[in-house]
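Chains A and B, in that order, give the protein sequences. Its first residue numbered 1, the first sequence is counted upward by one per residue in full-length UniProt numbering. Its first residue numbered 1, the second sequence is counted upward by one per residue in full-length UniProt numbering.
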Amino acid sequence: MILQIARMYMLENLRNVGVLFGNLVTPFLFIFISWIFKISSVVSEESLLFIIKGQFMSFSILLLLFQFAFSSSTIYLADLKAERTFNWIQRTDATPLKYYVGMGIGVVTLMNINLILVLLGYRLLIDIPLVSMAMIVLVSNFVLLALYPLSFILAGLFRNGKVAQSMLVPIMLVLMFSITMTTMFTSLAGKNPHDYFVFLSWNPMLYLNDIVQFNLDLIQKTWMPQYQYFLILTGLSLVLATIARKVYSIR
Amino acid sequence: MQLSLQDVVKQYNGTTILNGVSASFYAGHCYLLLGQNGAGKSTLAKCMVGDEKVDAGSIILNGSTSQVFDEIAMQYQTFESYKHLRIREIIQLFKILTENAYYSEELYEILGIHSYERMLLKNASGGQRKAVSIFLAFLLNKPILLLDEPFADLDLMKKKKLLYFLQTSMQQQNKLLIIISHEVAEFEALFDYIYILDKGKIVEHGKKDELQQKYKHAVLPGIEGIYFDVTGQVLGGRGA
Chain A
1 MILQIARMYM LENLRNVGVL FGNLVTPFLF IFISWIFKIS SVVSEESLLF
51 IIKGQFMSFS ILLLLFQFAF SSSTIYLADL KAERTFNWIQ RTDATPLKYY
101 VGMGIGVVTL MNINLILVLL GYRLLIDIPL VSMAMIVLVS NFVLLALYPL
151 SFILAGLFRN GKVAQSMLVP IMLVLMFSIT MTTMFTSLAG KNPHDYFVFL
201 SWNPMLYLND IVQFNLDLIQ KTWMPQYQYF LILTGLSLVL ATIARKVYSI
251 R
Chain B
1 MQLSLQDVVK QYNGTTILNG VSASFYAGHC YLLLGQNGAG KSTLAKCMVG
51 DEKVDAGSII LNGSTSQVFD EIAMQYQTFE SYKHLRIREI IQLFKILTEN
101 AYYSEELYEI LGIHSYERML LKNASGGQRK AVSIFLAFLL NKPILLLDEP
151 FADLDLMKKK KLLYFLQTSM QQQNKLLIII SHEVAEFEAL FDYIYILDKG
201 KIVEHGKKDE LQQKYKHAVL PGIEGIYFDV TGQVLGGRGA
């Protein structure tokens, strides 16, 4: 039953060509731009490596995770509510929990397949150890764990998928640029970005970005030990799941 | 099995939609719920299936107010979910989600789903979505079935076949059938009892035969005549 729900979630997302294209185009576009940079030799080998690892690849991973783990599920959940799908589901033997778990499996599967494809795409251009790839995949799944309940909270607040879609743009800007811009500007100012991370600790993308940067050898150590990131993300997921239970109503 | 409504009241933003509705429904019979647009039929249906909470009164199944809604399936006027799934995939999904699903090949055939089962729901017409909604309501296999305008949007042949299906298979299964419909002229044989709702109140009810006897001098024939005599309205139209 749960696997069937997962399968249907994936089918719906794959067949929704507009959303699928929107989800894939930006992460893969950065691979294409990286390739153009590489073949055009406009920058030195060292600068190219820094640009790809520090900007393009980090941004691809963050965007991909945002789109597949958060944006798609928020829109989907808002539409489930608007279309009163649970009026039907609640009369079957599928409990809401089973339904959300099934949908979650679909989200995890789609995100991981695309993430691995993106990482393999960059691996064609630069050297990325398999261990680093595995670590990036692992932390991405923990971030997904935190973002998935957040999508229920937002879907509970928005009237339907279209409203959710329009609101997700500023949310994306806040979640992503609060990390990438802070890191970039503090670095340019000659300061250590880690000194400011405490103010961004509410943002799950912070932990992803820091571990990605560490595993790509851009920084010598993470802000906190990596195991603590996993604990924080798990804790954040539990807190958000508790709020989500109150905010997202099936009626 | 008896489903009872006792003094059901429902308000929206201070406007009373249902004003003390009481009714009783028994298994093995088909009930027709009549009323003009805005009379409160759909609100009553939503309260009966638990989609809306009642403000006062109670809904009782076999003497108990608990688990009433687990026993009722409703066919909504349309089906809008899973727009990017094929119709047969939606049916398959519900078949898997429902342990005791009632998958009727006969109904599948009657509704002509074979001819558009590969279509994505987003491309389906109003009639096709209505057919999916009807099929899923039966698939859920509940002892009480509430159908909201089941004949609207269906072509004439499907209407007649659906009437026959409802008459035969539903009575064999001893289910309780409640139908909201404006189209009654060709389907009168289906209904055992009639409830007429006007301005949130039940203004007339009884066995169809007894009501036909009571209003035998009505200017219009059959159920339409009863409705006209009670409300001064033509079904689906304006007042006299």
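Quick reminder that beta carbons are idealized off the backbone N, C-alpha and C, glycines included.
Bounding residues of the beta strand (DSSP E) (the contiguous stretch that carries residue i)
i, result
"Asn23 of chain A", "It is not in any beta strand (DSSP E) - Asn23 of chain A instead sits in the alpha helix (DSSP H) that spans 17-40."
"Lys41 of chain B", "That residue, Lys41 of chain B, is in no beta strand (DSSP E); its alpha helix (DSSP H) goes 41-49."
"Val174 of chain A", "No beta strand (DSSP E) contains Val174 of chain A, which DSSP labels as neither H nor E."
"residue 243 of chain B", "No information on residue 243 of chain B is available, as it lies outside the stretch 1 to 240 that chain B covers here."
"Glu204 of chain B", "201-207"
"Lys10 of chain B", "2-12"
"Asp148 of chain B", "144-148"
"Ala82 of chain A", "Per DSSP, Ala82 of chain A belongs to no beta strand (DSSP E); it is in the alpha helix (DSSP H), 72-82."
Neighbour flag for residue i against chain B, beta carbons, 9 Å
i, result
"Ile89 of chain A", "yes"
"Asn114 of chain A", "no"
"residue 288 of chain A", "This structure gives no information on residue 288 of chain A, because the portion of chain A shown stretches from 1 to 251."
"Leu168 of chain A", "no"
"Leu238 of chain A", "no"
"Leu63 of chain A", "no"
"Leu80 of chain A", "yes"
"Phe158 of chain A", "no"
Where residue i meets chain A, residues with beta-carbon distance less than 7 Å
i, result
"Ala73 of chain B", "Arg91"
Interface partners of residue i on chain B, CB under 7 Å
i, result
"Met1 of chain A", "Ile96, Leu97"
"Asn16 of chain A", "His84"
"Glu12 of chain A", "Tyr82, His84, Leu85"
"Ala94 of chain A", "Leu97"
Range of the contiguous alpha helix (DSSP H) that encloses residue i
i, result
"Asn112 of chain A", "96-123"
"Ser140 of chain A", "130-157"
"Met157 of chain B", "156-165"
"Ile89 of chain A", "85-89"
"Ser60 of chain A", "58-65"
"Ser44 of chain A", "Taken as a continuous stretch (DSSP letters only), Ser44 of chain A belongs to no alpha helix (DSSP H), as it is neither H nor E."
"Ala137 of chain B", "126-139"
"Ala231 of chain B", "It should be pointed out that residue 231 of chain B corresponds to Thr in this sequence rather than to Ala. Note, Thr231 of chain B: alpha helix (DSSP H), 222-231."
"Glu109 of chain B", "105-110"
9 Å Cβ cutoff, residue i in contact with chain A
i, result
"Val49 of chain B", "yes"
"Leu93 of chain B", "yes"
"Tyr76 of chain B", "yes"
"Val8 of chain B", "no"
"Leu89 of chain B", "The question names Leu, but residue 89 of chain B is Glu in the sequence shown. Closer than 9 Å: yes."
"Ile176 of chain B", "As written in the sequence, residue 176 of chain B is Leu, which differs from the Ile given in the question. For Leu176 of chain B, the answer is no, since every Cβ of chain A falls outside 9 Å of its Cβ."
"Ile17 of chain B", "no"
"Leu147 of chain B", "no"
"Asp70 of chain B", "yes"
"Ala240 of chain B", "Low confidence applies here, because Ala240 of chain B scores a pLDDT of 41, under 50, leaving its location unreliable; read the following figure in that light. By this cut-off, Ala240 of chain B is not an interface position."
"Leu120 of chain B", "yes"
Proximal residues of chain A, C-beta to C-beta of residue i below 8 Å
i, result
"Leu136 of chain B", "Trp88"
Contacts of residue i in chain B (Cβ-Cβ under 9 Å)
i, result
"Ala155 of chain A", "In chain order: nothing, as chain B lies at least about 15 Å away."
"Thr85 of chain A", "Glu80, Ser81, Tyr82"
"residue 252 of chain A", "An answer regarding residue 252 of chain A cannot be provided, because it is not within the stretch 1 to 251 covered by chain A."
Contact set between residue i and chain A, taken where Cβ atoms lie within less than 9 Å
i, result
"Leu140 of chain B", "Trp88, Arg91, Thr92"
DSSP bridge partner residues for residue i (one or two, in chain order)
i, result
"Leu32 of chain B", "B:Ile179, B:Ile194"
"Arg86 of chain B", "B:Leu120"
"residue 241 of chain B", "Not covered by the structure: residue 241 of chain B. The range shown for chain B is 1 to 240."
"Leu14 of chain A", "Leu14 of chain A pairs with nothing; no bridge assigned."
"Ile61 of chain B", "Note that residue 61 of chain B is Leu in the sequence shown here, rather than Ile. DSSP, once it has assigned bridges, lists B:Leu3, B:Ser64 as partnering Leu61 of chain B."
"Ala56 of chain B", "B:Val9"
Could I get the ranges of all uninterrupted beta strand (DSSP E) runs contained in the region 189-235 of chain A, with 3 residues as the minimum, in chain order? Counting only runs of 3 or more, we get nothing.
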